[in-house]
Amino acid sequence: MVRIEDAISLLMETKTEDRCTVAPKKTIVTPKAIIQQSFGNKASYIVEEVLECHQTECPGLTIQQKGPCLYRCTLHLPKLSVVSGTFSKKKDAEQSAAQMAIEKLGIRTVTEDPTPQEAWENLVARISYIFSDKFLSSLHPLSGHIGAALWRKGDLCGSIPISVLDVYDAKLCSLSKCINSEVESNQYLIISYIMRAIAELSGLLATPEQHLWIRKQTPYPQDLIESLMKQGSSQECIQVAAVRIPGSVEKSVEAVTLHISSKDNYLDIIANELGFEDAADVLISR
Numbered sequence: 001m002v003r004i005e006d007a008i009s010l011l012m013e014t015k016t017e018d019r020c021t022v023a024p025k026k027t028i029v030t031p032k033a034i035i036q037q038s039f040g041n042k043a044s045y046i047v048e049e050v051l052e053c054h055q056t057e058c059p060g061l062t063i064q065q066k067g068p069c070l071y072r073c074t075l076h077l078p079k080l081s082v083v084s085g086t087f088s089k090k091k092d093a094e095q096s097a098a099q100m101a102i103e104k105l106g107i108r109t110v111t112e113d114p115t116p117q118e119a120w121e122n123l124v125a126r127i128s129y130i131f132s133d134k135f136l137s138s139l140h141p142l143s144g145h146i147g148a149a150l151w152r153k154g155d156l157c158g159s160i161p162i163s164v165l166d167v168y169d170a171k172l173c174s175l176s177k178c179i180n181s182e183v184e185s186n187q188y189l190i191i192s193y194i195m196r197a198i199a200e201l202s203g204l205l206a207t208p209e210q211h212l213w214i215r216k217q218t219p220y221p222q223d224l225i226e227s228l229m230k231q232g233s234s235q236e237c238i239q240v241a242a243v244r245i246p247g248s249v250e251k252s253v254e255a256v257t258l259h260i261s262s263k264d265n266y267l268d269i270i271a272n273e274l275g276f277e278d279a280a281d282v283l284i285s286r
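One point on numbering: in the UniProt record's numbering, the residue at position 71 of the sequence shown is 71, and numbering is uninterrupted.
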């Protein structure tokens with residue numbers, strides 16, 4: 001079995017510095033998504049059904065025939081209202097109305113992703129923010145991981161496995177894709193970029209040699225830690241049903257129950273169930 005840190009080390013040694021080789025690409029989003037980003041719940045779509053009738057004339061007889069059902073959308077914004085044409089689908093009428101509003105308002109519909117160098121700088125800044133006091137007190141899956149890690153005793157107090165960063169923070173994943181498009185099919189690449197970023201933040205973050213853990217070097221404010229401890233001590237242990245699927249066909253699939261409290265990092269529980277001493281040996285994916 002190949003350990004995760006061995007695979008990462010090999011990848012970092014064999015991969016060249018490819019941060020500047022991938023050209024920025026254009027990201028196109030739908031008109032409705034753009035309106036949502038700009039106006040949120042202030043945008044109101046009203047779709048109405050439009051009935052079209054056609055006359056068929058026969059000698060001495062006029063017959064009214066019902067045409068296909070069409071839809072028209074009126075989009076109301078704080079200082080603008082637009083009415084779309086008619087479409088056979090409601091969603092097409094809504095997108096048309098949104099596009100008309102975008103054109104009237106002069107909103108840009110195509111944005112450029114950051115260059116690989118810009119994405120790298122943003123990735124380093126993002127990791128720095130993740131280990132800030134402000135982030136720890138926010139509602140985010142990663143802040144929960146860090147908070148649970150503060151309950152640990154010994155050298156790993158406050159440390160979390162590096163592998164959880166890209167899984168629970170979508171921004172790190174998207175920035176890594178801007179650095180190198182191969183990230184889409186190779187999760188180890190993201191971890192290698194995170195490790196390089198940690199090296200640039202050596203005064204702020206620390207990672208044990210040959211281990212995939214990361215922690216903040218300076219302690220968090222005591223009042224913040226006490227607040228997290230108080231919240232954690234009041235929560236009960238939860239039970240999680242899971243399935244262990246062995247790597248050998250000779251072994252059977254087994255149902256297991258994990259007992260996790262707010263004081264536990266669930267990867268520690270999983271690692272213990274799998275017989276690992278180190279939760280950093282557990283690789284998780286989206």
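Note that the Cβ used here is the ideal one computed from N, Cα and C, for glycine as well.
Unbroken beta strand (DSSP E) stretches of 3 residues or longer found wholly inside the stretch 102-152: 110-112, given in chain order.
For Q99, the three-state secondary structure derived from DSSP is helix. In the three-state DSSP reduction, C237 falls in the coil class, being neither helix nor strand. Runs of the beta strand (DSSP E) spanning 3 or more residues and lying entirely within the stretch 257-284 do not occur at all. In the structure shown, K90 adopts helical secondary structure according to DSSP, grouped into three states. Secondary structure of V249 (DSSP, three-state): coil. Nearest to A199 by alpha-carbon distance, out of Q187, W213, P246, is W213. In the pairwise beta carbon analysis, the stretch 245-254 is classified as not touching the stretch 182-190: fewer than three pairs are separated by under 8 Å. Straight through space, the alpha carbons of A98 and S174 are spaced by roughly 26 Å.
Under the three-state reduction of DSSP, A43 is assigned to coil, being neither helix nor strand. By the CB criterion at 8 Å, P31 and I102 fall inside the cutoff. In this structure, the beta-carbon distance from K216 to L205 falls below 8 Å.
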